[in-house]
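Student: Numbering-wise, this note's numbering comes out as the position in the sequence shown, counting from 1, plus 77.
So that we are looking at the same thing, I have put the structure below in structure tokens.
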Amino acid sequence: MTLELVHPQPEQFFDNEDKLHDRAYLRLAASVHKLIKQGEFLPGQRLPSERALADRFGVSRTAVREAIIALELQGVVEVRGGSGIYVCQAQGAAVPPLPGARETGVGPFELLRARCLIESEVAAVAAVSRKDADLDRLFAALKTMREQLHDKAANEAADVQFHVHIAEASGNSVLRRTVQGLREQERGPLWTQIEQHFHSPELRQKSQEDHQQIFAAIVAGQAEAARLAMRAHLEQVICEFAQSWR
78 MTLELVHPQP EQFFDNEDKL HDRAYLRLAA SVHKLIKQGE FLPGQRLPSE RALADRFGVS
138 RTAVREAIIA LELQGVVEVR GGSGIYVCQA QGAAVPPLPG ARETGVGPFE LLRARCLIES
198 EVAAVAAVSR KDADLDRLFA ALKTMREQLH DKAANEAADV QFHVHIAEAS GNSVLRRTVQ
258 GLREQERGPL WTQIEQHFHS PELRQKSQED HQQIFAAIVA GQAEAARLAM RAHLEQVICE
318 FAQSWR
């Protein structure tokens, strides 16, 4: 079955500024968008750097990254790899209203940080609770990831299974559902767009090596090693997604 990515309509991001969810990246997207409407940033003009925007608005650089991606999805800005972010609306075109409250997806970095906290502990529990059947399932998922290294979709599906199987190995059904729910949130448009910019075959290869280390620690029953390996893996993904625009 082929899944089609359905991009959100403009009104899903752009609505009433006063109703914004309390998320830094949405507030920042609204602020940048207002400056564009007011003419501070003109069509074709390059926006200030991520660091400059972060300093100006008092937010993190990752919040800037998420805000830019939200605006990119709506055609307000264009990310040009190795050059910068540019206002891309034509002169005289109607500017959509500001980002609004109906955007319900969490930001990619918010999600990754939650995964880092939760799944590191889940891996530690799994290392001391796992059974032989759990190891068999983990090995099978790891093998599929390796065999499908150059098929992004198949590799990602096996990756999800690997992490869910770790949660299953903890013996706690709530942890399993939590990990599965976190992975399901990676299907949103912001996540898809940030992956388009920063996911690479090199990242999949590094993730394969990370998963091998996680698996080895779980096989050995070493809780602290499993915790640290999982944390290092997810921090590496955060670092990759936060790097300079290619």
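Every residue, glycine too, gets a C-beta built ideally from N, C-alpha and C.
It should be emphasised that the depicted structure is a prediction, and the values quoted were computed from it without experimental measurement.
#1: Tell me whether H98 sits in a helix, a strand or coil according to DSSP, three-state version.
#2: For the segment 244 to 289, list the beta strand (DSSP E) runs that are entirely contained and at least 3 residues long, ordered along the chain.
#3: Counting pairs of beta carbons, one from the segment 140 to 150 and one from the segment 265 to 277, are three or more of them closer than 8 Å?
#4: In the structure shown, what three-state DSSP assignment does R157 receive?
#5: Can you tell me whether S52 is buried or exposed, with buried defined as 16 or more other CB within 10 angstroms of its CB?
#6: Should the segment 238 to 249 be regarded as contacting the segment 119 to 133, the criterion being three or more beta carbon pairs within less than 8 Å?
#7: Any idea what DSSP makes of A319, helix, strand or coil?
#8: Across which residues does DSSP place V164 in a beta bridge pair?
#9: Since P185 is in the alpha helix (DSSP H), which residue starts that stretch and which ends it?
#10: Whole angstroms is fine: what's the gap from R304's alpha carbon to Q313's?
#11: Of all the options E233, A234, I162, R253, which has the alpha carbon lying nearest to the alpha carbon of V241?
#12: At the level of alpha carbons, what is the spacing between F216 and K208?
#13: By the 10 Å Cβ neighbour count, where 16 or more other Cβ atoms means buried, how is A244 classified, buried or exposed?
#14: Look at the alpha carbon of Q320 and the alpha carbon of I291, and state the distance between them as a whole number of angstroms.
#15: Considering only C-alpha positions, which residue in the set R308, D228, A302, L259 is nearest to R281?
#16: Flag this pair as yes or no: are the beta carbons of I162 and V153 separated by less than 8 Å?
#17: Using CA atoms only, rank isn't needed, just tell me which of G258, L212, A302, P125 is closest to L188.
#18: Distance check for E261 and L194, CA to CA, integer angstroms please.
#19: What is the rounded straight-line gap between the Cα of G265 and the Cα of H276?
#20: Just the Cα atoms here: how many angstroms apart are V202 and A306?
Tutor: Inspection of the coordinates gives the following:
#1: Residue 98 sits at position 21 when you count from the first residue of the sequence shown. Here H98 scores only 42 on pLDDT, less than 50, and its place in the model is too uncertain to base an answer on.
#2: none
#3: yes
#4: Here residue 157 is taken as the residue at index 80 of the sequence shown, counted from 1. Three-state result, R157: strand.
#5: Only positions 78 to 323 of the chain appear in this structure, which leaves residue 52 out of reach.
#6: no
#7: Working through the sequence shown from its first residue, we reach residue 319 at position 242. A319 falls in the coil class under three-state DSSP.
#8: Start at 1 with the first residue of the sequence shown, and residue 164 comes out as number 87. Answer by DSSP bridge pairing, in chain order: V154.
#9: Locating residue 185 in the sequence shown gives position 108, where the first residue counts as 1. Its alpha helix (DSSP H) spans residues 185 to 206.
#10: In the sequence shown, the residue the question calls residue 304 occupies position 227. In the sequence shown, the residue the question calls residue 313 occupies position 236. Their backbone Cα atoms lie some 14 Å apart in a straight line.
#11: Start at 1 with the first residue of the sequence shown, and residue 241 comes out as number 164. Nearest of E233, A234, I162, R253 to V241, Cα basis: R253.
#12: Reading the sequence shown from its first residue, position 139 is the one you call residue 216. Reading the sequence shown from its first residue, position 131 is the one you call residue 208. Using only the alpha carbons, I get a separation of about 13 Å.
#13: Working through the sequence shown from its first residue, we reach residue 244 at position 167. With 16 or more Cβ atoms within 10 Å of its Cβ, A244 is classed as buried.
#14: Locating residue 320 in the sequence shown gives position 243, where the first residue counts as 1. Locating residue 291 in the sequence shown gives position 214, where the first residue counts as 1. Whole-angstrom Cα-Cα distance: 24 Å.
#15: Locating residue 281 in the sequence shown gives position 204, where the first residue counts as 1. Measuring from the Cα of R281, the nearest candidate turns out to be D228.
#16: Residue numbering aside, residue 162 sits at position 85 when the sequence shown is read from its first letter. Residue numbering aside, residue 153 sits at position 76 when the sequence shown is read from its first letter. Cβ distance not < 8 Å, so I162 and V153 don't count as in contact.
#17: The residue labelled residue 188 in the question sits at position 111 within the sequence shown. Taking only the C-alpha atoms, the option nearest L188 is G258.
#18: The residue given as residue 194 occupies position 117 in the sequence shown. The residue given as residue 261 occupies position 184 in the sequence shown. Each residue's alpha carbon lies about 17 Å from the other.
#19: By one-based count along the sequence shown, residue 265 stands at place 188. By one-based count along the sequence shown, residue 276 stands at place 199. Distance between the alpha carbons of G265 and H276: 15 Å.
#20: Counted from its first residue, the sequence shown places residue 202 at position 125. Counted from its first residue, the sequence shown places residue 306 at position 229. Whole-angstrom Cα-Cα distance: 13 Å.
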